[in-house]
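Mapping the sequence shown onto numbering that gives the first Met the number 0, position 459 (from 1) lands on 458, and the numbers just tick up by one. Worksheet: the structure to be examined is printed underneath.
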Amino acid sequence: MAKQKFRTEVSQLLHLIIHSLYSNKEIFLRELISNASDAMDKLRYLTTSDSKYKSLEFNPQIDIRFDNSEKNKTLTISDNGIGMSKADLVENLGTIARSGTKKFIENLSGDSKKDSNLIGQFGVGFYSSFMVADSVEVTTKKAGEKTAFLWKSDGKTGFTIKEVEKDSYGTEIKLFLNDQGSEYTDKWSLENIIKKYSDHIAFPIYLHYTEKKDEKEEQIVDQVNSASAFWKRSKSSLKKKDYNEFYKTFSNDNEDPILHLHTSAEGTLDYTTLFFVPKVAPFDMQNADYKPGVKLYVKRVFITDDDKELMPVYLRFLRGIIDTEDLPLNVSREILQKNKVLDKIKRNSVKKVLKAIENLAKKDKSKYLEFYMQYGVPIKEGLYQDFENRELLMDLLRFRTNKSNEWISLAEYVSNMKKDQKSIFYITGENYDTIKSSPLLEACNKKDVEVLIMDNEIDEFVFSSVSKYKEHNFKSVNHSDALEELQDDDDKKDSNDCDPLIKKMKSVLGDKVKDIKISTRLTDSPSCLVADSSDPTAQMQKMFQQMGQMNMPAAKPILEINPKHKIVKKMLKMSKTKQFKDSVLLVYEQALLAENLKLENPNEFISRLNRVLEKSL
C-alpha cells in the first residue's frame, strides 16, 4: 500500500493549524461534529428526493467514544451520514479542492482566537484533528455502495488508503491522541465541549462511557445535546445569549453576531427564517465564487446550502436558515430558481433584514458603524441590484465629507444643506486624504458647502446610476458643470482676458485635453482637471480598464485654470518660449498629480521641473 503525499498547500496548512491554534485546540471536536452533521443532512435529503436512497434505513445519530487507558488514548467520532468513496477521500482529505487555502494562510494573524474562526470559514476543519492527535484513521463507506475504505495519516508524511470491511454506511474518525490531546478522554470535558459548540446540531449526539456501580463497570450511553430545530422554538423562550450560542454552532464563528433576525410567518405562506450578520465579513465575500451563507430547509429537512438564489447577491454576508412548509421535500435546484413561494419568502426576508439593519443604525450609531465598515460595499451594490428597496438602502449609506471625518447619512447631509442649495455634491477618488485636499473642493470649502467624499472604487459606478435622493439630485464635483448652482456674480466676473492664453495653452497641450476653461472653483491652486458633463471621470475609466474593458475610447479631461493665481497671471505675460511650454505642461501635470493620476512620462516631468527651477533660483 503506497503512501500518497499531501499537496504542498495541505502540508503548509497542517503545520500552521497545529502550531498557530494550539491554545484553542478544543475546536477540533466542533469541526468533526459539524462535518458529521453535514454528512447526515446530505443523506437525509437524498432519502426524500432520490429513489436510489429511499429504501435506506436512516436513523441519524453521532456517536462519540473514548479510551483513556494508559497506553492507548483514543477518541472516536462516528456518524451514519452519506459517507465517502475512495475518490471523495483523496479529494476531501488529501488535498483542499478550493482556491481559499492560500488566502487562509495569509489571513492567519497569530491570534489563536481569531485564527480559529477561520478554520470553519475555509472548510479545513478536519485538519484541526492533528492539533490533538499523532495520527488519524478514517473508516468510511458511501451510502449505496459496497466497498469501504480506510484512510490513515500522521498529518506529516502523507496518507494511505486501502479497502476494508464495514457493515454500515457512514464515517468513523479515530484519533490517536498525543499528550496535548489526552484531556479529551474525559466524560466531563467532552460533554462540556459538545454542549458549548454543538448543542443545537439537528441530530442526537451520544456519548459512550463506562461508570463504576457496585464495583462493576457499567456501559452508559447518554444523549448530550438538545438536537432540536432551534429556529422552530418560540422567540419568547429565547434570549440573546441563546441566539449567540446557536450562531456559533451554526457558523463555526467564535464571535457574537452583530445582530440576528428571527421571523415566523403563518397564513398564505408558512415559513420560519433566522438570519445573522457576522461581526467580521466572511473571507470570500468579494469573490465571485463566494459560498452562500443561508441554508434552505423544508419541514426541518435540510435541502441545500449552495444556492445563491436564496438571497440577493448583495446580502451574501448573511448567515442563516430558511425553513418552509410550502415546498415538496424532493424539490430540485431548477424548481428552486423559478419557485414563486421562495421568491415571496426572499422578498419578505430582504425587507425585514434591511429594516433590522435600519433599526440598528437608529438605536446604536457606533455599533452600526462597525457593521458599515464591514458591509458598506455590498450595501452600495444593492443600489443598482435591488431597485425595489433602493430608498431603504439609501438610508443605510454613510459618508465622510470635506467638512468632517465623522460618518453621516444622506438624511443628515440634507439637513445640513445651505439654504439655497438644491443638489447633493460628491467627489470620487482612490484615497480619502488625497480627495479631501483636492483642488476640486476649493470653491466648496470657501463657500462652506459640504461634499460627500467617496473613496471606494465601487462608488463611481454606483452613483453614476443613482440620480437622486428624495428630491435632491446627485452631482459629481469631478464634472465641469457640477458647481454652477453655487456660482454668484463675483464668480462670473473675469477680470483678466484669458482667451489669448487659452489659445496658446491649447497649442501646447494638443489632444491631451478636451478643452481649457476659466475656473470658478479654484481659489488656491492654478489648475485642476475635470470631466465633461457627459463623459466618465478618470476614476471611472480606470475602473473599466480593471474590469477588462480595454477597448473603450479614452475620454479626455478638461483643464480648468485659475485666472487669479500668480502662476497663471505670469503665464499671461509670457511670450511663446520654451519656458512657456514647460510652464503649461507643468500646470497640466500638477493637475494630474493632484487627482492621483499617472504621469505620461515622469522623467520628462522631472526635466521640465528642473529647467523651471534653474530659471527661478
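Built from N, CA and C at the ideal position, the CB exists for glycine as well. Because the structure is a prediction, the values reported are computed rather than measured.
Item	Value
By Cβ distance below 7 Å, which residues in the same chain neighbour K505 in space, the five residues on each side in sequence not counted?	I515
Enumerate, from N- to C-terminal direction, the unbroken alpha helix (DSSP H) stretches of 4 or more residues contained entirely within the region 426 to 514.	431 to 435, 441 to 445, 456 to 464, 488 to 491 and 498 to 508
Would you kindly check if the distance between the Cβ of S464 and the Cβ of T427 is under 9 Å?	no
If you draw a straight line from the alpha carbon of K85 to that of H259, how long is it in whole angstroms?	40 Å
Output the boundary residues of the alpha helix (DSSP H) element that contains W187.	K186 to S197
Would you mind reading off the limits of the beta strand (DSSP E) that contains G375?	First-last for G375: K364 to Q384, but that is the alpha helix (DSSP H), not the beta strand (DSSP E).
Based on the DSSP secondary-structure assignment, which residues constitute the bridge partners of T400?	L451
Do F249 and A226 have their C-beta atoms closer together than 9 Å?	no
I'd like the list of long-range same chain contacts for I434, defined as Cβ closer than 7 Å, with 5 residues on each side in sequence excluded.	I426, G428, I452 and D454
Below 8 Å CB to CB, which residues in the same chain sit around K141 once its five sequence neighbours on both sides are set aside?	I81, G82, M83, S84, D87 and Y168
Curious, which full-length alpha helix (DSSP H) runs of at least 4 residues does the region 45 to 100 contain?	85 to 92
Between the Cα of D185 and those of H199, S68 and Q578, spot the shortest distance and give me the residue it belongs to.	S68
According to the Cβ coordinates, are A132 and T139 closer than 9 Å?	no
Once you ignore the five residues that flank S77 on each side, which residues in its own chain have a CB closer than 6 Å to its CB?	D62 and E171
Does DSSP put V586 in a helix, a strand or coil?	helix
Does the distance from the C-beta atom of Y289 to that of P281 stay below 9 Å?	yes
One question on the structure: do S518 and I566 come within less than 9 Å of each other, judged by their Cβ atoms?	no
Looking at the secondary structure, which residues open and close the alpha helix (DSSP H) in which S606 lies?	P601 to S615
Do T400 and E449 have their CB atoms nearer than 9 Å?	yes
Considering only C-alpha positions, which residue in the set N253, K569, R43 and G381 is nearest to T303?	R43
Does DSSP classify Y168 as helix, strand or coil?	coil
Please say whether N477 and Q420 have beta carbons closer to each other than 9 Å?	no
Which partner residues does W406 have in the DSSP bridge list?	W406 is not bridged to any residue.
State the start and end residues of the unbroken alpha helix (DSSP H) segment that holds S250.	K239 to S250
List the endpoints of the continuous beta strand (DSSP E) containing I622.	Nothing about residue 622 can be read from this structure; the chain reaches only from 0 to 616.
Between which two residues does the beta strand (DSSP E) harbouring R318 extend?	R318 to T323
For the alpha helix (DSSP H) holding L391, just list the boundary residues, first then last.	R389 to M393
Got a sec, what are the start and stop residues for the beta strand (DSSP E) S134 sits in?	A132 to K140
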